[in-house]
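Take a look at the structure set out below.
Numbering (the numbering used here), first residue to last: 16 to 138.
Structure, rendered in structure tokens:
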């Protein structure tokens with residue numbers, strides 16, 4: 016299973032982009048792809064054109080919810096990785112991916128590497 020980070024989804028809906036090509040490859044091998052409700056909310060904040068939003072809604076009709084257990088793990092990740100300013104959303108996205116046993120597809124690998132010792136797998 017692959018979960019998309021916001022920045023990856025932004026690129027994945029651009030036909031011809033590297034992220035779009037990766038997504039197409041995963042689709043061809045029937046890899047399950049999803050997105051956390053946190054990354055989904057970030058994506059919907061835009062800027063966003065109608066075609067990109069429509070394509071994203073087709074790819075992810077049911078984003079993965081953020082659960083109370085995810086909140087606890089996100090807080091631990093935040094505290095254990097240095098309480099970095101503006102990293103809470105990344106901690107939340109990582110927590111959902113860890114719970115789901117999913118690899119995270121992101122264009123900002125450096126932002127998520129700190130979570131790998133705590134179980135996050137990168138795609």
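Don't be surprised by glycine CBs; every beta carbon is placed ideally from N, CA and C.
Values in this document were obtained by computation on a predicted structure and should not be read as measured data.
Does DSSP classify residue 22 as helix, strand or coil? Looking at residue 22 - three-state DSSP - the assignment turns out to be helix.
At 4 residues or longer, what runs of the alpha helix (DSSP H) sit wholly inside the stretch 51–80? If we require 4 residues or more, the alpha helix (DSSP H) runs fully inside the stretch 51–80 come out as 52–59 and 65–74.
Quickly, what does DSSP pair residue 49 with across the bridge? List them, please. According to DSSP, which records beta bridges pairwise, residue 49 is partnered with 18.
Given this structure, state the Cα-to-Cα distance separating residue 131 from residue 65, to the nearest angstrom. Going from the Cα of residue 131 to the Cα of residue 65 covers about 35 Å.
When the Cα atoms are used, what is the spatial distance from residue 18 to residue 123? Here the C-alpha atom of residue 18 lies approximately 14 Å from the C-alpha atom of residue 123.
Per the DSSP calculation, residue 120 is bridged to which residue(s)? Residue 120 is bridged to 19.
Sequence-distant residues of its chain with Cβ nearer than 8 Å to residue 58 (five each side left out): Shown here for residue 58: same chain residues with a beta carbon closer than 8 Å to its own, the five before and five after excluded, namely 21, 24, 25, 50 and 71 in chain order.
Answer yes or no: do residue 82 and residue 109 have a C-beta to C-beta separation smaller than 8 Å? Not in contact: residue 82 and residue 109 (Cβ atoms no closer than 8 Å).
Mapping DSSP to helix, strand and coil, what is residue 29? Note: residue 29 maps to coil in three-state DSSP.
Burial state of residue 44 (16 or more Cβ within 10 Å): Exposed.
Which one of 117, 116, 128 and 115 has the shortest CA to CA distance from residue 105? Its Cα nearest to that of residue 105, the residue 128 stands out among 117, 116, 128 and 115.
N-terminal and C-terminal residue of the alpha helix (DSSP H) that residue 138 is part of: From DSSP, residue 138 is part of no alpha helix (DSSP H); its letter is neither H nor E.
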